[in-house]
Amino acid sequence: MAMQRTALLEAMQQPGPALQATQAPIFHIDAFRPYRCRVVGRQQENDDTFTVELRPVSARRHAAFAPGQFNMLYIFGVGEIPISISGDPAEPDRLLHTTRAVGVVTRAMAKLREGDVIGVRGPFGVPWPLEALTGRDIVIIAGGIGLAPLRPALYYLVAHRKEYERVVLLYGARTPEDLLYRNELEHWRARFDLEVYVTVDRATGDWRGNVGVVTSLIPRAPFEPRNAAALICGPEIMMRYAVQALQKRGVDATQTWLSLERNMKCGVGMCGHCQLGPHIVCRDGPVFRMDQIEHVFGRGEV
Amino acid sequence: MGAHEFDDRPCLLERSALQKLLDVLRSRGYTTVGPQIEHGVIVYDELHRIEELPIGWTDVQEGGSYRLERRNDDALFAYNVGPHSWKRFLSPPLRLLWRARKTEDGFEFVVDEEPPPRYALIGVRACELHAIQQLDAIYMGGPVADRDYQRRREALFIVAVNCGKAGNTCFCASLGTGPGVGSGYDIALTELLDGEQRFVAVAGSVRGVEALAEIPHRPATDADMARAEEIVAETARHMGRHMETAGMKELLYRNLDHPHWDVVAQRCLTCGACTMVCPTCFCFTVEDATGLSGQVAERWRRSDSCFTLAFSFISSGSVRTSAKARYRQWLTHKLASWQDQFGTIGCVGCGRCITWCPVGIDITAEVAALRAEESGPLRPEPVAA
């Protein structure tokens, strides 16, 4: 009971009984309510993948975002899903999301037309650590739709090109028809200060470029392993092989960043769905340095 | 704090004073909620009168089994926890997040925010106080708070009770979460049953002091205090279960591929009962609903369980398909990764998951088994030459 007396005296210093509660920061926003945005542009990227541009309905503006962050996008009456931001971080008012129609919500998104209104919450998540990587060779490895969360990083690198050594993009898609952002790929490829290598799993039409998985480009890519940092996004299996191929060239886990996909319902670290071992992916990720997730990444069913 | 007349030393209440306490709390706008018997189990429901408590009843719990038994006295709190926990009042299993209406050129949110319910929880055990503090960390400890939870939490009044009896599936003593209440309550009671039935009451907040001041009380004697301490110490000595926590996180992380998970998976039905009764299981999903006309859309938040296949579903399918992976996720989250995510173990030792598991899987036994198997089977002493 002596202990309880002490607790009582301590409690007297507190404004209320909910001791833990009053110590927590108080926010008067509703974390679960989206803000409404109108589709002001829509671009079909390939068969099943499209990009929408969103502008707030009210006077509010989109919050600034960093490359690699994501938003929760809500379709009226259908549902909400996490989608990475694929636009230019220097133009936060031009909010772009590239999505592949695979699920209920994304198929509903595919039907969006200019003028339609959807809900947005975000931006959420830990971005690519670009500011910490100046002076380095940057190797960007993307598989399929994985290029979408890396495009903001490319915009940033191009805008801050002098601060980095070599910038290399290794991009793989299933077929030439599946390639995203084809005009930009051409534009980037034409630049003398970017190295762009594209490969497809299956050559179709008049494709004369590389054929094979994107990881097969890693041994030949022009970068200095001791000074390189790699940013990877794609299917989990592709990321695993990419990490291995990088390690073979001498780029270790501490210089390799990955963006992970997990089921997400809240985006703010409360719903529990996106756990990966000790990590809450929406809060601690989606971008992780490989050595931080080594013990759980790619491990069956973790 | 004001010049109230209350002596802030522990005081003694008679049973009739507890009814007065309920009355005072209700007159202050609280909905009083407490344990009572329903369908043969002790649940938490609105409590108007002290007589509604499970007076003279106790519970007998074991792995996969729960039954009530008559005592030969009129004890008000001589039982442990049932299948309910207080999270159903702080974070109800089904809640409307918002409602929106279709408009000519899109949709708009319908503003219909109600004031939060003001609950006074009666009979909160030490383990349950810890569970509430864990929910606080999850729903309010990050950069963004769960506003609905926060409003309910700030309005909360807590009357805690020190446990005078340990259940067979209890192990709070080994986790340091009970059986005596530590902090975070408004009033803490200890029921004394020797001689005249009476309650030692301690205020833990200004609101608690003010409420006690309004009800009949007298100072607790040193003997009463000593008896109250003895009861808690006695309860701590009679825990039905024990969990060794030293190095537990590392033990579990080291053994994600241990064959013992397959052994548990042979028994686990992946029914998720453990997650429903657990006072700290906090996961939720969201569901979207539209009216038949398609003019109104609602977003609902529903308690979820990591034992469902949908829980980990991504574009390539469910991440955790096997029963083994789902049980492993639940246990390692609770006991290991929770520590990395929120700074504490996610288990408070209440034993609900053991009692309410239909096949009696015992979280303490599973951790002990991993420990034992990791250290290897006992080998016979080498025979001296």
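Going down the list, the sequences are from chains X and B. With my numbering applied, the first sequence corresponds to residues 1 to 302, in that order. With my numbering applied, the second sequence corresponds to residues 1001 to 1385, in that order. Virtual Cβ for every residue (Gly too), placed ideally from N, Cα, C.
| Asked | Found |
| --- | --- |
| When you compare the CB of Thr1355/B with every CB in chain X, is at least one pair closer than 7 Å? | no |
| Using a Cβ cut-off of 9 Å, pull out every chain B residue sitting near Arg262/X, in sequence order please. | Ser1312, Ile1314, Val1319 |
| Listed from N- to C-terminal order along the chain, which residues in the stretch 1329-1356 of chain B have their beta-carbon within a distance smaller than 7 Å of any beta-carbon of chain X? | His1333, Ser1337, Asp1340, Gln1341 |
| Tell me which residue opens and which closes the beta strand (DSSP E) that Ser84/X is part of. | 79-84 |
| Excluding the 5 residues preceding and the 5 following Leu1021/B in the sequence, name in chain order all residues of the same chain whose CB lies nearer than 6 Å to its CB. | Ile1215 |
| Could you pull out every residue in the same chain whose Cβ sits closer than 6 Å to the Cβ of Asn1168/B, ignoring the five residues on either side in sequence? | Gln1061, Glu1062, Gly1240 |
| Taking any Cβ of chain X, which residues in the stretch 1128-1143 of chain B have a Cβ under 7 Å from it, in chain order? | Gln1133, Asp1136, Ile1138, Tyr1139, Met1140, Gly1141, Gly1142 |
| Counting only C-beta atoms, is Asp1288/B closer than 7 Å to chain X at any point? | yes |
| In chain B, which residues lie with their C-beta within 8 Å of the C-beta of Ala31/X? | Val1144, Ala1145, Asp1146, Arg1147 |
| Going along chain B in order, which residues have a C-beta closer than 9 Å to the C-beta of Lys265/X? | Cys1283, Phe1284, Thr1285, Val1286, Arg1301, Asp1304 |
| What residues from chain B crowd round Ile280/X, counting only those whose CB sits closer than 7 Å? | Gln1341 |
| Mind checking whether Ala1120/B and Thr1190/B have CB atoms under 7 Å apart? | no |
| Count the other C-beta atoms from every protein chain shown that fall within 10 angstroms of the C-beta of Arg1125/B, then say buried if there are 16 or more, exposed otherwise. | buried |
| Within 10 angstroms of its Cβ, does Ala148/X collect 16 or more other Cβ (buried), or is it exposed? | buried |
| Using a threshold of 7 Å, state whether the C-beta atoms of Ala221/X and Ile232/X are closer than that. | no |
| For Lys1102/B, go through chain X and note every residue whose CB falls closer than 9 Å to its CB, in chain order. | Phe76, Gly77 |
| Within 10 angstroms of the Cβ of Lys162/X, are there 16 or more other Cβ atoms? Answer buried if so, exposed if not. | exposed |
| Cβ of Arg1147/B within 7 Å of Cβ of Tyr1030/B? | no |
| Tell me whether Ile293/X is buried or exposed, calling it buried when 16 or more other Cβ atoms sit within 10 Å of its Cβ. | buried |
| If you draw a straight line from the alpha carbon of Ala1220/B to that of Cys282/X, how long is it in whole angstroms? | 52 Å |
| Whole-angstrom Cβ separation of Val287/X and Val139/X, contact assumed at under 8 Å? | About 15 Å; that fails the 8 Å criterion. |
| Secondary structure at Pro1279/B, three-state DSSP: helix, strand or coil? | coil |
| Since Glu301/X meets chain B, which of its residues come closer than 7 Å, beta carbon to beta carbon? | Val1319, Arg1320, Thr1321, Ser1322, Ala1325 |
| Pick helix, strand or coil for Arg166/X, following the three-state DSSP scheme. | coil |
| Can you give me the C-alpha to C-alpha distance between Asp1340/B and Arg208/X, rounded to a whole angstrom? | 50 Å |
| Using DSSP with H/G/I as helix, E/B as strand and the rest coil, what is Ser1016/B? | helix |
| For the stretch 1303-1310 of chain B against the stretch 262-273 of chain X, are there 3 or more C-beta pairs whose distance is under 8 Å? | yes |
| I'd like to know if Trp980/B contacts chain X, where contact means its C-beta is closer than 7 Å to some C-beta of that chain. | The structure shown does not extend to residue 980/B, since chain B is modelled only from 1001 through 1385, so no value can be given for it. |
| Look up Asn71/X in the DSSP assignment and say whether it is helix, strand or coil. | strand |
| Look at the Cβ atom of Arg1101/B, then the Cβ atom of Glu1108/B, and state whether they are nearer than 7 Å. | yes |
| Can you list, in chain order, the stretches of the beta strand (DSSP E) that have 3 or more residues and sit fully within the stretch 233-293 of chain X? | 256-259, 287-289 |
| Can you pull the DSSP bridge partners for Val126/X? | Pro286/X |
| For Met1248/B, I'd like the list of residues in its chain whose CB is within less than 8 Å of its CB, leaving aside the five on either flank, ordered along the chain. | Leu1335, Ala1336, Ile1345, Val1367 |
| Counting only C-beta atoms, is Ala1297/B closer than 7 Å to chain X at any point? | yes |
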